[in-house]
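A.B. asks: Supplied in structure tokens, the structure appears directly below.
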Amino acid sequence: MRVYNDLSRTKEELVPQKENHFTIYVCGPTVYDLFHLGNARPFIIYDTLRRYLLYKNYKVTYVQNFTDIDDKMINRAQSREISVKELADEMIAEYYHDADNLNVMRADHHPRATETIPEIIEMISTLEEKGYTYNLNDGIYYDTSKFEDYGKLSKRDLDDQEAGASERVDLLDDKRNLSDFVLWKFKKEGEPAWNSPWGEGRPGWHIECSAMSKKFLGETLDIHAGGMDLMFPHHENEIAQSEAANEKPFVNYWMHNGFINVDNVKMAKSGGNFFLVRELASEYGYDVLRFFILQAHYRMPLNFEEEPLMAATHGWQRVLRSVDHIDFLLANETAQIAETESEALIDYVEKTKQEFERAMDDDLNTPDAFAAIFNLVRQVNTLTADYSLSNESLKKARAYIIELCAVLGLDAEKRVDTEIPQEILDKVKLRDDAKAERDFATADSIRDELHALGYKIEDTPQGPKVSREVEK
RNA sequence: GGCACCAUAGCCAAGUGGUAAGGCCGGGGUCUGCAAAACCCCUAUUCUCCAGUUCGAAUCUGGAUGGUGCCUCCA
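Shown next as structure tokens:
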């Protein structure tokens, strides 16, 4: 598998340090509010990467943190008149609600910043001993000029930045360099604080990821991922901290996903142009949101719009219907199996698998992976329209559609309701009898009646097929 | 000012040297008592524009135009 590594700005062969075992760290949410669709993109993308590596029989140790202490947390907690801890507990539960429904697997570890304070302090101490820090009135700072490779990820040159930003030198405050950042913030009145060698305070944003990733995954990670906006300064600073402290490469592969835009502008809480996953899910459903996100390549910008979401809704239904159709065929015996076509389908399944893997191997090309699945779906539909296929071939096609969708985190087996109530079946029978007597007026009125109850009847060569109307 | 990124049909979106995947919408048809679903056909001689390299470019090079992101919290 090849993956675009932002460190080299090229696609590279993805090779783990340990045989068959990947360590992945993904920057998680700051838990002060429900997350929006833009936040959801990395959760879904890297969950898909994880699922694909598992599919390829790798072991994966996956860590995604919760940032549960920062200015936004403190401000929100104060305005809601609850503690920061209470806010975090509540929002973490809400995170799981949405993430679980998006079928994002839980990480092996979901560390919280506030539960990693000793490790954070230890790392800052190490940096202090090695001379990378200095003190200001409000906290302990990292001196980025001491770290030779600073800017290697985001390809920024410190001097150019400062020269160009001359109009904004006020941002420098008392810092030695514009890019210096705080490791430990001294306590202000009314803020949560922890004891440390430098007095009461709380960790800066960047240090928590360095400490948490080291705690659970060691000093060198295989993959570290997050949104594009984290590349600078967040990830650059993590590199500076971790490599200065550990004297080892921090990350082998850096992956960053593009944004979800609204009217071509980045969706962001601060921009006010955001759509919460919770709200969108009630309209479109979680599966459709996941499908929508994976239908674009993860590094490309993805515009959030009504029409493409409807396209995603209908596209996903197409897959579900095909599986449903196979189930219907399997449940109804047919004579005269078409052997040639059955074998053709089995061959096509193999071909699909290869195309799917080729797409995924190429930097997680999920749009192409969907194309492979859709081609198989059409093949199933085409062949079954004209021929009776063997159960073996149908089962194989079914199994692969479901397996490949599952790699993408989509459950193609999900049914609103597989059990059709007897009273509904009775009405279907009545309609069928009416049809047999060519009493179409009665038949149609029963069909309307069932429709009103949320059931749909489709006449097929194998008899009437009843199902629940597809819901959102 | 610096550093990145993007530009493909009505919409969304793959494709990074060999003659434009896939999904949605729309039109026509097959099937059906009628539907529904499904299938078939049609829907970009062309990839923002202009030069160049090449037997050959959406794909490489140079330039232009338009748009975005990061440099401050940010997925």
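Quick note: the first sequence uses the working numbering, first residue 732, plus one each step. All C-beta atoms in this analysis are idealised placements derived from N, C-alpha and C, irrespective of residue type, glycine included.
Check each candidate in Gln795, Ile851 and Arg1178 and name the one with the smallest Cα separation from Trp925.
C.D. replies: The residue among Gln795, Ile851 and Arg1178 with its C-alpha nearest the C-alpha of Trp925 is Ile851.
A.B. asks: For Ala1027, which three-state DSSP category applies?
C.D. replies: coil
A.B. asks: Enumerate in chain order the residues of its own chain whose CB-to-CB distance from Ile1151 is below 6 Å, with the five nearest sequence positions on each side excluded.
C.D. replies: Val1197
A.B. asks: Is the stretch 1026-1036 in contact with the stretch 986-997, if contact means three or more CB pairs nearer than 8 Å?
C.D. replies: They touch, by the three-pair rule.
A.B. asks: Thinking Val1108 and Ser1053 are a contact (beta carbons under 8 Å), I'd like their distance in whole angstroms, please.
C.D. replies: 4 Å
A.B. asks: Indicate the three-state DSSP secondary structure (helix, strand or coil) for His1056 in the structure shown.
C.D. replies: helix
A.B. asks: According to the Cβ coordinates, are Pro773 and Gly921 closer than 7 Å?
C.D. replies: Not a contact, by the Cβ cut-off of 7 Å.
A.B. asks: Report yes if the CB atom of Glu825 is closer than 7 Å to the CB atom of Leu765, and no otherwise.
C.D. replies: Using a Cβ distance threshold of 7 Å, Glu825 and Leu765 count as a contacting pair.
A.B. asks: How big is the Cα-Cα spacing for Ala1174 and Asp1163?
C.D. replies: 7 Å
A.B. asks: Is it right to say Ser1073 is buried, meaning 16 or more other beta carbons lie within 10 angstroms of its own, or is it exposed?
C.D. replies: buried
A.B. asks: Starting from Gly1194, follow the beta strand (DSSP E) in both directions and report where the run begins and ends.
C.D. replies: Gly1194 to Arg1199
A.B. asks: Taking the alpha carbon of Lys1160 as the reference point, which residue from Ile1132, Asp1190 and Glu1144 has its own alpha carbon closest?
C.D. replies: Asp1190
A.B. asks: Among the candidates Ile800, Lys916 and Leu1060, whose CA atom is the shortest distance from the CA of Leu1114?
C.D. replies: Leu1060
A.B. asks: Looking at Glu791: is its Cβ nearer than 7 Å to the Cβ of Arg781?
C.D. replies: This sequence places Val at residue 791; Glu is not what is there. Taking 7 Å as the Cβ cut-off, Val791 and Arg781 qualify as a contacting pair.
A.B. asks: To the nearest angstrom, report how far apart Tyr1186 and Lys1166 are at their CA atoms.
C.D. replies: Straight-line spacing of the CA atoms in Tyr1186 and Lys1166 works out to 18 Å.
A.B. asks: Under the three-state reduction of DSSP, which class applies to Leu952: helix, strand or coil?
C.D. replies: strand
A.B. asks: What is the DSSP secondary structure of Leu738, counted as helix, strand or coil?
C.D. replies: coil
A.B. asks: Go through its chain and collect everything with a Cβ distance to Arg899's Cβ below 8 Å, but skip five positions before and after it.
C.D. replies: The predicted position of Arg899 is uncertain, since its pLDDT is 47 and thus under 50; a value taken from the coordinates is nonetheless stated next. Nothing listed; no residue qualifies.
A.B. asks: Which parts of the stretch 846-898 are runs of the alpha helix (DSSP H), unbroken and 4 residues or longer, counting only runs that do not cross its ends?
C.D. replies: Fully enclosed alpha helix (DSSP H) runs of 4 or longer: 848-860 and 889-895.
A.B. asks: Which residues in the same chain have their Cβ closer than 6 Å to the Cβ of Tyr783, if we skip the five residues on either side of it in sequence?
C.D. replies: Met1091 and Val1138
A.B. asks: Should Phe1022 be labelled buried (16 or more other beta-carbon atoms within 10 Å of its own) or exposed?
C.D. replies: buried
A.B. asks: So Leu914 is in the alpha helix (DSSP H); what residue range does that whole segment cover?
C.D. replies: Leu914 -> not in any alpha helix (DSSP H); beta strand (DSSP E) instead, spanning Phe912 to Phe917.
A.B. asks: From Gln748 to Lys787, what distance separates their C-alpha atoms?
C.D. replies: Distance between the alpha carbons of Gln748 and Lys787: 16 Å.
A.B. asks: Give the C-beta separation of Asp955 and Trp985 to the nearest angstrom, bearing in mind that I take them to be a contact with Cβ-Cβ under 8 Å.
C.D. replies: Reading the sequence as shown, one finds His at residue 955 and not Asp. His955 to Trp985, Cβ: 6 Å. Contact.
A.B. asks: Ordered along the chain, which non-local residues of its own chain (more than five positions away) have a Cβ less than 6 Å from that of Leu1025?
C.D. replies: Thr1097 and Leu1139, listed in sequence order.
A.B. asks: Can you tell me whether Tyr827 is buried or exposed? The criterion is at least 16 other CB atoms within 10 Å of its CB, across all chains shown.
C.D. replies: exposed
A.B. asks: So, for Leu1120: in the same chain, excluding its five sequence neighbours on each side, which residues have a beta-carbon less than 8 Å away from its beta-carbon?
C.D. replies: Leu1060, Ile1068, Ala1069, Glu1072, Ser1073, Leu1076 and Leu1114
A.B. asks: Give the range of the alpha helix (DSSP H) segment to which His987 is assigned.
C.D. replies: Careful: His987 lies outside any alpha helix (DSSP H), inside the beta strand (DSSP E) at Val982 to Asn988.
A.B. asks: Quick check on this structure: which residue in Gly1016, Asp1058, His1056 and Ala1062 has the alpha carbon closest to the alpha carbon of Ala1043?
C.D. replies: Gly1016
A.B. asks: Within this structure, are the beta carbons of Leu948 and Tyr756 separated by less than 7 Å?
C.D. replies: yes
A.B. asks: Rounded to the nearest angstrom, what separates Thr857 and Cys758 at their Cα positions?
C.D. replies: 23 Å
A.B. asks: Looking at the secondary structure, which residues open and close the beta strand (DSSP E) in which Tyr756 lies?
C.D. replies: His752 to Val757 is the span of the beta strand (DSSP E), which, as asked, contains Tyr756.
A.B. asks: Is it buried or exposed for Ala838, if we count other Cβ within 10 angstroms and need 16 for buried?
C.D. replies: By the Cβ-count criterion, Ala838 is buried, with 16 or more other Cβ atoms from all chains shown falling within 10 Å of its own Cβ.
A.B. asks: Which residues share a DSSP beta bridge with Arg933?
C.D. replies: Residue pairing by DSSP places Arg933 opposite Lys916 in a beta bridge.
A.B. asks: On a Cα-Cα basis, can you pick out the residue from Arg740, Thr754, Gln809 and Lys816 that is closest to Val762?
C.D. replies: Lys816
A.B. asks: List the endpoints of the continuous alpha helix (DSSP H) containing Asp778.
C.D. replies: Leu768 to Tyr786
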